[in-house]
Structure formats: structure tokens, C-alpha cells
Amino acid sequence: MQIESKLPDVGVTIFTKMSKMANEYGAINLAQGFPDFPVSPKLIDRVHHYMQQGMNQYAPMPGVPILREAIATKTEHCYGWKPNIDSEITVTCGAIEAINSAVTALIHTGDEVIIMDPAYDAYEPIINLQGAKAIGVPLRQPDYSIDWSAVSEQITEKTRMIMINSPHNPSGATISAHDLEALERITSGTGIMVLSDEVYEHIVFDGEAHQSVLRSEALRARSIVTSSFGKTFHATGWRMGYLIAPSTLMTEIRKVHQYNTFTIHTATQYSIADYLKKPDHYESVAPMYQKKRDFFLKVMDSSRFKPVPSQGTYFQLMDYSAISDKGDVAFSEWMTKEVGVATIPMSVFYQDKQDNKVLRFCFAKNEETLEAAAEKLCEL
Ligand code: GLN
6 MQIESKLPDV GVTIFTKMSK MANEYGAINL AQGFPDFPVS PKLIDRVHHY MQQGMNQYAP
66 MPGVPILREA IATKTEHCYG WKPNIDSEIT VTCGAIEAIN SAVTALIHTG DEVIIMDPAY
126 DAYEPIINLQ GAKAIGVPLR QPDYSIDWSA VSEQITEKTR MIMINSPHNP SGATISAHDL
186 EALERITSGT GIMVLSDEVY EHIVFDGEAH QSVLRSEALR ARSIVTSSFG KTFHATGWRM
246 GYLIAPSTLM TEIRKVHQYN TFTIHTATQY SIADYLKKPD HYESVAPMYQ KKRDFFLKVM
306 DSSRFKPVPS QGTYFQLMDY SAISDKGDVA FSEWMTKEVG VATIPMSVFY QDKQDNKVLR
366 FCFAKNEETL EAAAEKLCEL
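What the sequence shown shows, in the working numbering, is residues 6 to 385, in sequence order.
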């Protein structure tokens with residue numbers, strides 16, 4: 006049968022490719038971003054408890070009320086503003102469903118969506134599926150900060166949305182309060198929406214606070230914010246995310262969500278609602294990952310890899326130009342096969358696939374895993 010691909014330039018994602026390769030060659034997997042340590046037994050007990058209690062049928066379409074209430078309380082605790090639990094919060098199948106449902110609901114054929122370049126690999130295909138165009142604005146070097154005058158220059162009458170992501174995957178860069186002010190200024194008086202992907206909101210280092218767009222009254226009136234319990238509670242396989250948006254936008258987003266995933270695993274929603282009651286459960290995540298980042302940097306110190314400072318996420322970029330002239334895709338494949346450590350080549354996140362000889366390492370791992378990887382890497 007002859008079919009016309011809707012995504013002719015897309016293959017399987019780099020995360021799937023590198024995890025498969027890591028398995029095949031028995032390499033330590035610092036590629037795809039997922040923790041190798043367990044979910045809290047307390048949280049698992051709660052899921053089991055609610056399944057035994059009979060919470061096994063459809064949850065309400067936007068999510069169970071007690072979880073939406075817990076999300077609203079957490080949001081107020083963190084950012085000083087409480088979203089409406091009926092109209093402004095929806096629980097989704099991971100943040101990727103949130104982004105997909107939001108873009109599908111709100112972006113039309115011919116629209117332009119400004120994204121940062123590099124960006125998480127899913128954004129552009131999701132935009133393209135709507136017949137819209139992703140306009141990449143290069144992040145500044147060497148710190149991957151946002152160049153707001155360059156963003157401003159790309160705004161046309163077709164611009165419907167600006168997508169930001171802080172803490173940023175893949176670079177680990179974070180935005181500051183000044184960035185929020187600039188975004189507010191640029192969008193003021195326009196009909197431009199903001200999609201702020203904040204899945205690593207609880208993984209910000211060095212005593213800095215996460216700058217959520219929800220802190221700004223003007224921004225939250227035009228923003229869709231996505232978040233992820235998979236990232237916060239080390240349970241990426243549970244596919245539990247959510248989004249916050251003003252009710253006019255949320256009404257449209259829920260029209261897509263209800264025909265997409267409809268609802269998310271009921272007992273898990275109840276368990277997370279319980280677990281969120283203790284702020285320490287999400288506030289202890291950043292110090293835990295900061296320790297891992299620092300440990301990874303320490304054990305890599307004698308290597309010829311040059312780290313790029315990571316301010317958040319569980320990723321660390323490393324420049325390998327002192328080690329090899331190979332392109333980053335070839336180098337990461339060679340490392341997986343010959344050295345036994347899998348990573349993600351940074352070029353895949355750029356629109357033009359530019360190669361700056363940088364790899365992304367995931368340090369959401371036990372110290373033994375990081376140490377074993379560093380031992381191999383320090384020999385290069
Ligand atoms: N977000 C994860 C990463 O950046 C990957 C998720 C996936 O494999 N789809 O590594």
C-alpha cells in the first residue's frame with residue numbers, strides 16, 4: 006500500500022535508538038533520561054492500596070478532583086498563585102500528551118510557533134503535524150540563554166505561540182526572573198500564547214528558585230504550563246503529567262485530551278495526591294540531584310571531557326573535542342559499542358543538526374553507575 010508520510014523526516018527518536026543500542030552492546034545507559042534507582046516504596050504502596058480499594062475504573066476526564074486540588078496547593082506553595090481546580094488543571098499521560106493535546110487544540114494550519122534552538126526533539130514534529138511551522142531561535146552560546154531580541158525579530162502576524170523550556174532539556178540551562186520580564190514585554194498586547202514546558206521544575210540547582218511563568222499574572226493569562234510526576238518522583242514509566250492553563254484555553258485542550266487518552270490511571274492519581282501533601286517529597290528532589298551532578302563532575306574531573314555548567318534537569322553536557330574529531334552521532338555510537346557508555350549526541354536537538362562535538366549525559370543514576378561510567382570515560 007502506498008501511503009504519504011505525515012512526518013517524512015522523522016524516524017524513531019534518538020532516545021529509543023540509543024537505549025536499544027545500549028542494551029545490545031551491554032553499555033551503561035546515560036543516554037535516555039530515566040532514573041536507575043527505585044520509586045519510593047511509600048508511593049508504590051499507595052498505588053497498590055488504591056487498586057485494592059477498587060479505584061480501577063475511569064477517572065474523571067480532567068483528573069481526579071483530589072489530585073487537582075493537590076496540584077493547585079503545590080502550585081500555590083511554589084509560585085504564589087492557585088489555579089482553579091475545575092477549569093485550569095488537567096492530568097495527562099505524561100507531559101508529552103499535554104504538549105500534544107495543547108498544540109493540537111490551539112495551533113492551526115499556517116500558524117508559526119517560535120521554539121528555541123536547540124529544543125527537545127518532540128516539539129517540531131508535533132507542530133508540523135498541525136500544518137504549522139516551527140521557527141527556531143538560536144540560544145546564546147556558551148550558556149544557552151534566550152536571546153529575546155532575536156525572539157522578537159521572529160514574531161510575525163502568523164506567530165501563535167512561543168515555546169520555552171526551563172530547566173532546559175538538553176542543556177540544563179534555566180531562565181531567570183529577567184527572562185520572564187522580557188517574555189512578558191514581548192507578548193504584551195499580542196494574541197501570542199506561551200507554552201512553558203516545566204517538567205524539570207523541581208530539579209533546579211545551587212539554591213536558585215525555578216522561574217515558572219505562573220509567577221507572573223500577565224504571563225499565566227496566556228500560558229499553558231506542562232509538568233511531570235515522572236520526572237519529580239522517578240517514575241517515568243507511570244506516564245503521569247499535567248497541564249495548567251487559563252480556562253478558555255483549557256476548554257479547547259480538554260476537547261482533544263478527551264478523545265486522545267481520555268483519562269489517566271486512576272489509582273496512581275490518588276496515590277500521587279496523597280504523596281504531594283508533604284512538600285518535602287518534591288522539595289528534596291533538587292538537592293538529591295545536585296549531589297548526583299556534583300558527584301558525576303567529580304568522578305569525570307580527570308577525563309578530557311569538558312563539562313558545560315548544568316543549572317537544572319538531570320542532564321550534563323560535555324564537550325569531547327579534546328578527545329576526537331568524529332561527528333557527535335558517530336562518536337556516541339562508537340562510545341556505546343567500544344567504550345560501553347551510551348549518551349545522546351547534541352546535534353539531534355538542533356533544527357540544522359549542527360555538530361559542536363557535545364554529548365548529553367543523564368546523571369539520574371546511582372553513584373555506582375556514574376562511577377563505573379566515569380572509569381571508562383576517563384580512559385579516553
Ligand atoms: N525526555 C527523555 C529524555 O530527554 C526521553 C523521553 C523519551 O524517550 N521519549 O531523555
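Just so it is clear, CB atoms sit at the ideal spot from N, CA and C, and this is done for glycine as well.
These figures come from a predicted structure and were not determined experimentally.
Cross-strand partners of residue i (DSSP beta bridge)
| i | result |
| --- | --- |
| A415 | Residue coverage of the chain in this structure runs from 6 to 385, which leaves residue 415 outside it and unanswerable. |
| S337 | Looking at the DSSP assignment, S337 forms no beta bridge with any residue, so it has no partner. |
| P292 | Per DSSP, none; premise fails for P292. |
| M23 | DSSP, once it has assigned bridges, lists no residue as partnering M23. |
| R365 | L322, I349 |
| E380 | According to DSSP, E380 bridges with nothing at all. |
| M166 | V118, M198 |
| I94 | I249 |
| T231 | D202, L248 |
| A139 | V118 |
| G317 | V209 |
| K311 | D324 |
Residue of the options minimising C-alpha distance to residue i
| i | options | result |
| --- | --- | --- |
| P67 | T374, F238, S92 | S92 |
| E288 | H215, K381, L375, Q7 | H215 |
| V346 | A377, K362, K331 | A377 |
| L375 | E81, K296, Q356, E338 | K296 |
| A127 | G16, S326, T253 | G16 |
| I349 | T114, I33, I328, P46 | I33 |
| T114 | C98, I120, A137 | A137 |
| L364 | R225, R309, E372, E373 | R309 |
| A327 | Y319, E384, K303, K283 | E384 |
| E392 | I160, I151, D152 | Limits of the chain in this structure are 6 at one end and 385 at the other, which puts residue 392 out of reach. |
| E206 | R227, G242, Y247 | Y247 |
| S228 | W243, I197, E213 | I197 |
| Y319 | I151, M293, Y325 | M293 |
| H183 | T271, S217, D330, T231 | S217 |
| S252 | A272, I120, V230 | V230 |
| K163 | I119, L185, S171 | I119 |
| W243 | V353, A272, N28 | A272 |
Through-space distance from residue j to residue i, alpha-carbon basis
| i | j | result |
| --- | --- | --- |
| L281 | L48 | 10 Å |
| Y264 | S106 | 10 Å |
| I112 | Q135 | 7 Å |
| V203 | E129 | The sequence as given places Glu at residue 203; Val does not occur at that position. Spanning the two alpha carbons is a distance of roughly 17 Å. |
| F20 | L200 | 23 Å |
| H420 | A75 | The structure shown does not extend to residue 420, since the chain spans only 6 to 385, so no value can be given for it. |
| A240 | F234 | 7 Å |
| A291 | C83 | 14 Å |
| M323 | F210 | 18 Å |
| I249 | S307 | 44 Å |
| A124 | Q58 | 42 Å |
| K358 | M351 | 8 Å |
| P43 | H53 | 16 Å |
| D419 | M305 | Residue 419 is absent from the structure shown; the chain starts at 6 and stops at 385. |
| Y149 | M60 | 44 Å |
| N89 | A187 | 26 Å |
| C98 | T268 | 8 Å |
| I208 | N174 | 12 Å |
| R165 | L144 | 20 Å |
| A335 | A77 | 45 Å |
| L12 | K283 | 43 Å |
| Q146 | D360 | 14 Å |
| F238 | A278 | 12 Å |
| E373 | A139 | 41 Å |
| I167 | P46 | 39 Å |
Proximal residues to residue i (C-beta, below 6 Å), its chain only, five neighbours per side dropped
| i | result |
| --- | --- |
| Y30 | T341, K342 |
| K370 | D41 |
| Q356 | D122, G141 |
| A155 | V142 |
Contacting residues, own chain, Cβ-Cβ under 7 Å from residue i (five flanking each side not counted)
| i | result |
| --- | --- |
| Q274 | A64, G68, V69, L72, V96 |
| Q321 | G177, R298, F301, P312, S315, F366, F368 |
| M255 | S92, E93, T95 |
| I101 | A127 |
| I131 | I104, N105, V108 |
| V261 | S106, T109, A110 |
| W153 | A187, I191 |
| E189 | S221, A223, L224 |
| S24 | N34, A36, Q37 |
Min CB distance residue i to chain C below 8 Å
| i | result |
| --- | --- |
| D50 | Protein chains in the displayed structure number just one, and chain C is not present. |
Contacting residues, own chain, Cβ-Cβ under 8 Å from residue i (five flanking each side not counted)
| i | result |
| --- | --- |
| E338 | M26 |
| E86 | Rather than Glu, the amino acid found at residue 86 in this sequence is Trp. Hits under 8 Å: T80, L219, R220, E222, R225. |
The ligand PLP heavy atom lying under 7 Å from the CB of residue i
| i | result |
| --- | --- |
| E203 | Of the ligands this structure carries, namely the ligand GLN, none is the ligand PLP. |
Using the beta-carbon of each residue, find all residues closer than 6 Å to any heavy atom of the ligand GLN and list them in chain order.
T18, F20, Q37, G38, N174
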